[in-house]
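6 is the number of the first residue of the sequence shown in the working numbering; add one for each residue after it. In this text, a Cβ means the ideal position worked out from N, Cα and C, and glycines have one as well. Okay, so here's the structure we're looking at.
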Amino acid sequence: MMSMLSGLLRKFDVKYFSTCQTFFQRIYSSQEKEFILNKINERDLPNGSLSSSQLIKINQYLEKKKLTTLEDLLNINGIGPKVLRKFCDTILDNENGTKKVAKVKKRVLNLATPPIGENQKKDLIDITAIHVGTGHISWALINSLNKSLLEWDFKEYMLDKGSLYDSLSVVEKVVPLIPHGHIYILEEMGSGRNHVDYSRNLITAMLSSFIQGSRGEGKEYPVVAFIKPAVKNNLYKAAVGSERVSLQNQVVSIIDERSSTDCLSFPQELKAKFFSLKPNTREDMTQALLSATSFINVILNGRTLNFK
6 MMSMLSGLLR KFDVKYFSTC QTFFQRIYSS QEKEFILNKI NERDLPNGSL
56 SSSQLIKINQ YLEKKKLTTL EDLLNINGIG PKVLRKFCDT ILDNENGTKK
106 VAKVKKRVLN LATPPIGENQ KKDLIDITAI HVGTGHISWA LINSLNKSLL
156 EWDFKEYMLD KGSLYDSLSV VEKVVPLIPH GHIYILEEMG SGRNHVDYSR
206 NLITAMLSSF IQGSRGEGKE YPVVAFIKPA VKNNLYKAAV GSERVSLQNQ
256 VVSIIDERSS TDCLSFPQEL KAKFFSLKPN TREDMTQALL SATSFINVIL
306 NGRTLNFK
């Protein structure tokens, strides 16, 4: 069982890495890539975007050979796609000054990981969002074209010891229940400061690896993406001051067709099921549904968020 997990994790890593070149080809023009490569090869490296240890590693790499592509930097331990993109953006930002601040800010603000390119968006119709709560794993499947909720359900789980084996057992039982989509959305993991967060993060990581390994084989792009919590929190006003608030009222307003944000077709049986559940279960179901609608609104349709 553990060898199965290791194999799936390796598959996910290889698939994710193989898409990086395609991504950088989409996000930067040939002139921008040439400019960035020249700056790096000349060791004209900006401060602030990388740690001192990362800059040292880049310099050590450049002592051996020059870069031929931006993706060469991904061979350096500690330099991943997100770090590399931020580094490249900083180089362009320093060159362009303030005249392209809005464009740079938009580019730097990664709302989904890996970023979703325009070529990919047109193929993302069925959106499956998954939420890992403290006692439930919930999911929602939405057709983004006709704005209809196709599936909305949950599975209770309990970790007796919170071990790796327990988490793996939970994931193996849940994955077959999760409806197939063109992409699977999970919420970006936090720091895991306590054992509850750690367990949720572990299950989230396993879910992403299992789904990518079993449903992403042969696909051009990764089928799993992580969305920043700030997307949903900002879109649905999940905080009042420093206090987090329940988002169940947002779902009720969508069901009652009173939402200014979403127009979504709900099957009657899913409405009835939602209102029959206990409050904590409804909250987890709410999180899954709004992760899906957030992804559709902001990532696919380009709705602007007001980050202060």
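- Taken through DSSP and simplified to helix, strand or coil, SER153 comes out as strand.
- With contacts defined by Cβ atoms closer than 8 angstroms, TYR170 and GLY140 do not form a contacting pair.
- Taking C-beta atoms as the reference points, ILE81 and LYS62 count as a pair closer than 8 angstroms.
- In this structure, TRP144 sits away from PRO181, with a CB-CB distance that is not shorter than 8 angstroms.
- In this structure, HIS187 places its C-beta atom within 8 angstroms of the C-beta atom of ASP131.
- Below 8 angstroms, enough C-beta pairs join the stretch 117-129 and the stretch 226-235 to call them touching: three or more.
- The DSSP-derived three-state label of ARG249 is strand.
- Secondary structure remark: continuous alpha helix (DSSP H) runs of at least 4 residues inside the stretch 132-193, in chain order: 169-179.
- Counting of Cβ neighbours within 10 angstroms places GLN255 among the buried residues, the total reaching 16 or more.
- LYS242 and VAL250 have their alpha carbons spaced roughly 8 angstroms apart.
- Annotation for ILE232: no alpha helix (DSSP H) segment contains it, though the beta strand (DSSP E) segment containing it runs 229-232.
- In the three-state scheme derived from DSSP, where H, G and I count as helix and E and B as strand, ALA235 is classed as helix.
- As DSSP reads the structure, ALA297 sits in no beta bridge.
- Contact annotation: GLY138 and ASP261 have beta-carbon atoms that are not nearer than 8 angstroms.
- Taking all protein chains in view, the Cβ of THR291 is crowded by 16 or more other Cβ atoms within 10 Å, so the residue is classified as buried.
- In the DSSP assignment, LEU42 falls within the alpha helix (DSSP H) that extends over 35-46.
- When C-beta atoms of the stretch 81-101 are compared with those of the stretch 55-71, three or more pairs fall below 8 angstroms, so the two segments count as touching.
- Around the beta carbon of ASN285, fewer than 16 other beta carbons sit within 10 angstroms, so the residue counts as exposed.
- Across the structure, PHE271 and LEU154 are spaced so that their CA atoms are roughly 6 angstroms apart.
- Listed in chain order, the non-local C-beta contacts of ILE96 below 7 angstroms within the same chain comprise ILE41, LYS44 and PRO51, local neighbours out to five positions each way being set aside.
- For ASN124, the uninterrupted alpha helix (DSSP H) segment begins and ends at 123-126.
- In the structure shown, ALA243 adopts coil according to DSSP, grouped into three states.
- With respect to the 8 angstroms criterion, SER149 and ILE304 are not classified as neighbours on the basis of their beta carbons.
- Listed as beta-bridge partners of THR118 by DSSP are PHE231.
- By the neighbour-count criterion, in which 16 or more other beta carbons inside 10 Å mark a residue as buried, SER54 falls on the buried side.
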